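This report concerns only the one structure given below.
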Amino acid sequence: MTKYTFTEKKDTRSGYGAGLLEAAKRNPNVVGLTADLTGSVKMDAFAKAFPERFVQVGIAEANMIGIAAGMTIGGKIPFASTFANFATSRVYDQIRQSVAYSTKNVKIAATHAGLTVGEDGATHQVLEDIGMMKMLPGMTVVVPCDYNQAYLATLAAAEHYGPMYLRYGRPTVPNFTSLDEKFEIGKGILLQEGKDVTIIATGHLVWTALQAAEQLLEKDISAEVINIHTIKPLDTQLILASALKTGCVVTVEEHNIIGGLGDSVAHLLSRTVPTPIEMLGVNDVFGESGTPQQLLDKHHLNEEGIIASVQTVLNRK
16 MTKYTFTEKK DTRSGYGAGL LEAAKRNPNV VGLTADLTGS VKMDAFAKAF PERFVQVGIA
76 EANMIGIAAG MTIGGKIPFA STFANFATSR VYDQIRQSVA YSTKNVKIAA THAGLTVGED
136 GATHQVLEDI GMMKMLPGMT VVVPCDYNQA YLATLAAAEH YGPMYLRYGR PTVPNFTSLD
196 EKFEIGKGIL LQEGKDVTII ATGHLVWTAL QAAEQLLEKD ISAEVINIHT IKPLDTQLIL
256 ASALKTGCVV TVEEHNIIGG LGDSVAHLLS RTVPTPIEML GVNDVFGESG TPQQLLDKHH
316 LNEEGIIASV QTVLNRK
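16 is the number of the first residue of the sequence shown in the working numbering; add one for each residue after it.
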C-alpha cells in the first residue's frame, strides 16, 4: 500500500506563484515577466508585492524572452511566464539563440501544459514542449507533480544558475508531497519500492501511478514507483538501479511519447541495460477539445491504462 495521501487538490501553477513570491523575498535579483497573463500564470501576488520588479510585456512573447535574456546581463534572475504553448513553440528561436546558446540565467515558467488544458483544445494543448526544451544544450527541464513540489521547484530554480524550463499545469490535482521533502534538481524520488516492475512517472500522473501501484498490489504485482520531476538532467543512477532490480519499466507522462520522459528513459536503457519498456503517453497526435479527464481517459492516461501497460511489459520479461 502507498504511504501517500492527500487532503486537498491544488494546481501546480499556484505552487509556482507562491514559490516565486517567496523566492523574490529571499533574493532581490528575482524579477518576473509575463505576456498579458498575470492572473492565469498566478503572478498576481508577486506583481503586487514587487511592482518595480514585475514587467508586463503584453502579447509579445518573443520580446519577453529577449528582455529576460538582457536582464541576466545585469545579474537579474528573470522568470518569464506564459502558457506552455506560447512559451515554447511561439518563441523557440529566441529561446535557442538568446537563452540556451547564450547560456543566460533565464527561467521559462510555463503553465497550462499538456492535455489537461482541456476545453481550450489542440492549439493550447502543447504536447511537444518537453522534447523541444530538452533538445537544447544546457537547458534544464523540470516537471513538478503537485503544488508543494512546484513551490519547491521554483525556489530551487531561483538558486540554480543556467537556463531552465519549468512545466506547470492548470487543473487541480492531489497535493500529496510534503514541503519538508528535499527537492534536488536532477534527482528523482523513489516513492514506493517494488520488485516486479518499475513505473516511472512525471507531472500530474505521478499520483495516478501511485494509485495504479496500489491496485497492482491486489493482483500480487509489486510495483516500484519513481517520480522523475527533472527530465533533464535525468537521474540515470536511480532509473538504472530500479530497472536492474525489476527487469521491466513503464513510463507515464502527459506528453507525446516522442521526445518526452519515455523517450529519455528508453534511450538510457538501450545504451546501458536493455530492458523491456512500455511508454504510456500521447501517441504522436495533437490534442482536442474535451474535459481534462475525458482526454486523459482517451489516451489511457489513467490507472487502468497504467495497469494494462504493466501487464504488457511483464509478459515481455
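Built from N, CA and C at the ideal position, the CB exists for glycine as well. Fair warning: this is a prediction, and the values are worked out from it, not measured in the lab.
Same chain only: Cβ atoms within 7 Å of residue 109, ignoring 5 sequence neighbours per side: Here residue 109 refers to the residue found at position 94 of the sequence shown. Here the set comprises 77, 80, 81.
Which residues does DSSP list as the beta-bridge partners of residue 164? Residue numbering aside, residue 164 sits at position 149 when the sequence shown is read from its first letter. The secondary-structure analysis by DSSP pairs residue 164 with nothing; it has no beta-bridge partner.
Residue 330, buried or exposed, once every other Cβ within 10 Å from all chains shown has been counted against 16: Start at 1 with the first residue of the sequence shown, and residue 330 comes out as number 315. Result: exposed.
Have a look at residue 16 and residue 214 and give me their C-alpha separation to the nearest angstrom. Here residue 16 refers to the residue found at position 1 when the sequence shown is read from its first residue. Here residue 214 refers to the residue found at position 199 when the sequence shown is read from its first residue. Its pLDDT being 49, under 50, residue 16 is placed unreliably by the model, and the measurement read from it follows with that caveat. Going by the C-alpha atoms only, they are around 15 Å apart.
Count the other CB atoms within 10 Å of the CB of residue 300; is the residue buried (16 or more) or exposed (fewer)? Taking the sequence shown and counting its residues from 1, one reaches residue 300 at position 285. Burial call: exposed.
Rounded separation between residue 167 and residue 159 - CA only: Position 152 of the sequence shown, counting from 1, holds the residue named residue 167. Position 144 of the sequence shown, counting from 1, holds the residue named residue 159. For residue 167 and residue 159, the distance between alpha carbons rounds to 9 Å.
If you drop the 5 nearest sequence neighbours on each side, which residues of the same chain put their C-beta closer than 6 Å to that of residue 297? One-based indexing of the sequence shown puts residue 297 at position 282. 142, 271, 314, listed in sequence order.
Own chain partners of residue 307 with C-beta closer than 7 Å, once the 5 adjacent residues on each side are dropped: One-based indexing of the sequence shown puts residue 307 at position 292. Closer than 7 Å at Cβ, skipping near neighbours: 130, 131, 133, 186.
Residue 265: which of 224, 27, 302 sits nearest, CA to CA? Here residue 265 refers to the residue found at position 250 when the sequence shown is read from its first residue. Selected option, being the one with the closest Cα: 224.
Top-ranked residue by Cα proximity to residue 292, from 279, 263, 230: Counting from one through the sequence shown, the residue named residue 292 turns up at place 277. Answer by Cα proximity: 263.
Own chain, CB closer than 7 Å to residue 18, minus 5 neighbours either side, in chain order: Working through the sequence shown from its first residue, we reach residue 18 at position 3. Taken in chain order, the list of residues that qualify is empty.
Just the Cα atoms here: how many angstroms apart are residue 243 and residue 229? Reading the sequence shown from its first residue, position 228 is the one you call residue 243. Reading the sequence shown from its first residue, position 214 is the one you call residue 229. Roughly 19 Å separates the two Cα atoms.
Assigned secondary structure, residue 16 (DSSP; H/G/I helix, E/B strand, else coil): Position 1 of the sequence shown holds residue 16. Legend: pLDDT at residue 16 = 49, less than 50; position of this residue unreliable, value from coordinates given subsequently. The DSSP-derived three-state label of residue 16 is coil.
Below 7 Å, is the gap between the Cβ of residue 178 and the nearest heavy atom of the ligand FMN? Here there are no bound small molecules, and the ligand FMN is not part of this structure.
How many Å lie between residue 150 and residue 47 at the Cα? Translated into positions along the sequence shown, residue 150 becomes position 135. Translated into positions along the sequence shown, residue 47 becomes position 32. Cα to Cα, residue 150 sits roughly 25 Å from residue 47.
List the endpoints of the continuous alpha helix (DSSP H) containing residue 317. Here residue 317 refers to the residue found at position 302 when the sequence shown is read from its first residue. First-last for residue 317: undefined, no H or E at that position.
Output yes or no for whether 8 Å exceeds the beta carbon distance between residue 181 and residue 125. Along the sequence shown, one-based indexing puts residue 181 at 166. Along the sequence shown, one-based indexing puts residue 125 at 110. For residue 181 and residue 125, yes; Cβs fall inside 8 Å.
State whether the segment 39-54 contacts the segment 95-112, with contact taken as three or more CB pairs (one from each stretch) at a distance under 8 Å. With a cut-off of 8 Å, the segment 95-112 and the segment 39-54 count as touching, because enough Cβ pairs lie within range.
For residue 47, which three-state DSSP category applies? Residue 47 sits at position 32 when you count from the first residue of the sequence shown. In the structure shown, residue 47 sits in a strand (DSSP, three-state: E or B).
Whose CA, out of 245, 21, 113, lies closest to the CA of residue 275? Here residue 275 refers to the residue found at position 260 of the sequence shown. Of the listed residues, the one whose Cα sits closest to residue 275 is 245.
Pairwise C-alpha distance: residue 305 and residue 326: Counting from 1 along the sequence shown, the entry for residue 326 is found at position 311. Counting from 1 along the sequence shown, the entry for residue 305 is found at position 290. In a straight line, the C-alpha of residue 326 is about 28 Å away from that of residue 305.
To which residues of the same chain is residue 259 closer than 7 Å at the C-beta, ignoring the five residues directly before and after it? In the sequence shown, residue 259 corresponds to position 244, counting from 1. The beta carbon of residue 259 lies closer than 7 Å to those of 288 in the same chain, with the five residues before and after it left out.
Got a sec? Which residues, its chain only, sit under 6 Å from residue 30 by beta carbon, not counting five neighbours each side? Against the sequence shown, residue 30 aligns to sequence position 15. Here the set comprises 162, 165, 166.
Specify the secondary structure class of residue 182 as computed by DSSP and reduced to three states. Residue 182 sits at position 167 when you count from the first residue of the sequence shown. The three-state secondary structure of residue 182, taken from DSSP, is strand.
Suppose contacts are defined by Cβ-Cβ distances below 8 Å. Is residue 251 in contact with residue 200 by that definition? Residue 251 sits at position 236 when you count from the first residue of the sequence shown. Residue 200 sits at position 185 when you count from the first residue of the sequence shown. When the beta-carbon positions are compared, residue 251 and residue 200 stay at least 8 Å from each other.
Of the residues 35, 41, 100, the one placed nearest residue 59, counting alpha carbons only: Your numbering for residue 59 matches position 44 in the sequence shown. It is 35 whose Cα lies nearest to the Cα of residue 59.
Whole angstroms are fine: how far does the CA of residue 65 sit from the CA of residue 174? To locate residue 174, count along the sequence shown from 1; it is residue 159. To locate residue 65, count along the sequence shown from 1; it is residue 50. About 19 Å.
When DSSP labels each residue in this structure, what does residue 109 get in the three-state scheme? Your numbering for residue 109 matches position 94 in the sequence shown. Reduced to three states, the DSSP call for residue 109 is helix.
Residue of 170, 222, 53 minimising C-alpha distance to residue 73: In the sequence shown, residue 73 corresponds to position 58, counting from 1. Distance from the Cα of residue 73 is smallest, within the candidate group 170, 222, 53, for 53.
Compute the Euclidean distance between the alpha carbons of residue 176 and residue 23, then round it to the nearest angstrom. Taking the first residue of the sequence shown as position 1, residue 176 is located at position 161. Taking the first residue of the sequence shown as position 1, residue 23 is located at position 8. One C-alpha to the other measures close to 33 Å.
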